[in-house]
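Have a look at the structure below before the remarks.
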Amino acid sequence: MALVAATAQAEPTYGIAMYGQPALPPDFVALPYANPDAPKGGKIVTAEVGSFDSLNPYILKGSVPWQLTYLISESLMGRTLDEPFTEYGLLAESVEVGPNRHWVEYTLNPAAKFSDGNPVTVDDVIWSFKTLGTQGHPRYAGFWSKVASIEQTGPGKVRITFNTEDRELVMLAGLRPILEKAQWEGKDFAESGLDVIPITSGPYVIDSFEAGRYVSLKRNPNYWGANIPFRRGTENLDEVRLEFFGDETAAFEAFKTGLVNSNREFNVARWDSQYDFPAVQSGDIVKSVLPNQRPSGMTGFVMNTRRPQFADWRVRDAMMYAFNFEFINEALTGGAQPRITSYYSNSPLGMSHDAATGKVLDLLKPFAADLIPGTIEGYSLPVGDGTERNRANIGKALDEMAAAGWTVQNGVMKNAAGEPFTFDILLTSGSSENKSIIDMFVQSLARMGITATVTTVDSAQYKERTDKFDYDMTYFRRGLSLSPGNEQYAYWGMEAADTPGSRNMMGVKSPAIDAMIDHLLTSADQTDFVAAVKALDRILTAGRYVIPIYQWNISRIAHSKNLHYPEHLPLFGDWPGWQPDVWWWSES
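The working numbering applies: residue 13 is where the sequence shown begins, and numbers increase by one.
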């Protein structure tokens, strides 16, 4: 029976899911949130705050427009936004999985071609995996370290065998970018910037650009995959143009004057009060409010525990009390924006805020002695009284600072040695809302005798400093999905804490966190998986590493009346790639 089951598992199939089976049938025509009858043509122009000095999104060096990963990359499989974690054939026409997911084998679509017309070969696939894993951005290295071998097993067939038990690896393998090997012969892959634009097989190619000013991508009229089911009804716009500006004010003015025709608004107050300009009044600009069902993720201000100021959890707790969210929210949004309450809030994966029970408790118990208070007992963010002075919470903040060895001496927060408690908050230029939030936070800290300075740098300097973890506190945004996996190691794993360029910005090193990630990756069923994520959420939230601000369970997008999207919104709503992926242009 075991032999029969193993044999049945290793059959070529059109798609694969993390748990269970793909929701769509083998003969599906298009993704549920795509319009297969959408017309081709038109363009979308967005305003981006900041700059760029590279067009290679696959390496650490340089500042790259983040959208390029979604617009030019193509992988063996494509991930649908309408299921927690399911992939369907893209460059691969079929996928085979071995017993216990110890290996995965792909059969390439013979029609697959790069934008220069050359076919996508097994040699390109093998080279891409090896090069990204050894010379690419550090985010690819973790996956590559778990690959035992990658080899051609037949015409158009490539098999990847893993050296560890990890159910997600077969999913991640399908999402690695595939590049053209021949392009990089004689070139240093890790050093490329604006001089070499990666050749990919994706539907868009970079048509023109001016460093730091704009990037224009054009739809490839000879794109090989226009009629495969995963792509039908997507990539409809002829041009995707990214215009770059020095600050939010300039970017918004560009939208008002028509230079930009789509704008995602994060400032609720501006959405309610400043979208009354002539193009909106005439109906040429439409305001769309789009819900989503994805986890809140974490947005706020991260404290770097590598720095002595924030190594003590009680100091971080004091910062939580000092941050007057209710007053800030009322001042900036009229109280309209709900606060993030944990890393997976707004989803079934979010922690409960009372004491841990059941499987969650069982997972946490072995680490109880080292967990920060509140992890097992229950933890919720402090709630202020809404007044500017926030007296009760400031009092609690002072108590926590005192417990950590810091007291107010002659109006200045000092330790027993008389050293003042000071820290610097690093921000990128152009973000007026973050600056407004921080200014109010700094005023609250001043009432406690704490001097916090604010340093504003351009996007290139910001990336350089954050890659080196050169900050005390800075803005933090981490989007999360309903199927967290290996990326969690990069976000808060112990090894990533010392890896330059990693996303473990708080510098946390916790055996309990790594154990929860291990468990969610090896869970045999959905119940165990959910328990592991809830336990992980507790460790992170009670760790007081990030001061949370707003959650974005809806997206506010103002756009040209000629830009349209399907009525069916995917599970992940306005996830990066959804716009412009399934949007289209129509003047009727």
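Where a beta carbon is used, it is the ideal one built from N, C-alpha and C, also for glycine.
In this model, residue 490 and residue 316 are separated by some 15 Å (Cα to Cα).
Between the alpha carbons of residue 354 and residue 363 lies a distance of about 7 Å. Separation of the CB atoms of residue 214 and residue 85 is rounded to 6 Å, and the pair is thereby assigned contact status at 8 Å. Annotated three-state conformation of residue 231 is strand, per DSSP.
DSSP places residue 171 in the strand class (E or B) of the three-state scheme. A Cβ-Cβ contact shorter than 8 Å links residue 170 with residue 117.
Per DSSP, the continuous alpha helix (DSSP H) segment holding residue 294 begins and ends at 290-294. DSSP places residue 156 in the helix class (H, G or I) of the three-state scheme. In the DSSP assignment, residue 56 falls outside any alpha helix (DSSP H) and lies within the beta strand (DSSP E) extending over 55-61. Note on geometry: alpha-carbon atoms of residue 533 and residue 225 lie some 42 Å from one another. When DSSP states are grouped into helix, strand and coil, residue 432 belongs to the strand group. Look at residue 240 here: in three-state DSSP terms it is coil, with no helix or strand label. Distances from the CA of residue 448 to each of 567, 205, 339, 461 were compared; the closest alpha carbon is that of 339. For residue 274, the enclosing beta strand (DSSP E) covers residues 274-277. For residue 559, the enclosing beta strand (DSSP E) starts and ends at 558-560. DSSP lists 87 as the beta-bridge partner residues of residue 189.
Rounded to the nearest whole angstrom, the CA to CA distance from residue 151 to residue 472 is 19 Å. Cα atoms of residue 510 and residue 247: separation of roughly 39 Å, rounded to the nearest angstrom.
Straight across, the Cα-Cα distance linking residue 569 with residue 162 is about 43 Å.
Between the alpha carbons of residue 158 and residue 520 lies a distance of about 23 Å. In this structure residue 269 is exposed. Its beta-carbon is surrounded by fewer than 16 other beta-carbon atoms within 10 angstroms. If you ignore the 5 residues before and after residue 235, its C-beta comes within less than 6 Å of the C-beta of 215, all in its own chain and listed in chain order. A straight-line Cα-Cα distance of about 7 Å links residue 211 and residue 195.
Annotation for residue 102: no beta strand (DSSP E) segment contains it, and DSSP assigns it neither H nor E.
Contact between residue 559 and residue 331 holds: CB atoms are separated by about 6 Å, below the 8 Å threshold. Residue 573 and residue 444 have their C-alpha atoms roughly 28 Å apart. If you compare the alpha carbons of 446, 458, 237, 365 with that of residue 102, the shortest gap goes to 237. Closest option to residue 78, judged by alpha-carbon separation, among 65, 90, 89: 65.
For residue 145, the uninterrupted alpha helix (DSSP H) segment begins and ends at 134-147. Taking all protein chains in view, the Cβ of residue 91 is crowded by 16 or more other Cβ atoms within 10 Å, so the residue is classified as buried. Put simply, the segment 470-485 does not touch the segment 409-427. Fewer than three CB pairs are less than 8 Å apart.
In the DSSP assignment, residue 421 falls within the unbroken beta strand (DSSP E) covering 419-421. Cβ neighbours of residue 29 within its own chain (closer than 6 Å, five residues either side excluded): 98. Under the three-pair Cβ rule at 8 Å, the segment 456-463 does not count as touching the segment 483-499. About 7 Å separates the beta carbon of residue 454 from that of residue 466, a gap short enough to meet the 8 Å contact definition. Straight through space, the alpha carbons of residue 372 and residue 359 are spaced by roughly 16 Å.
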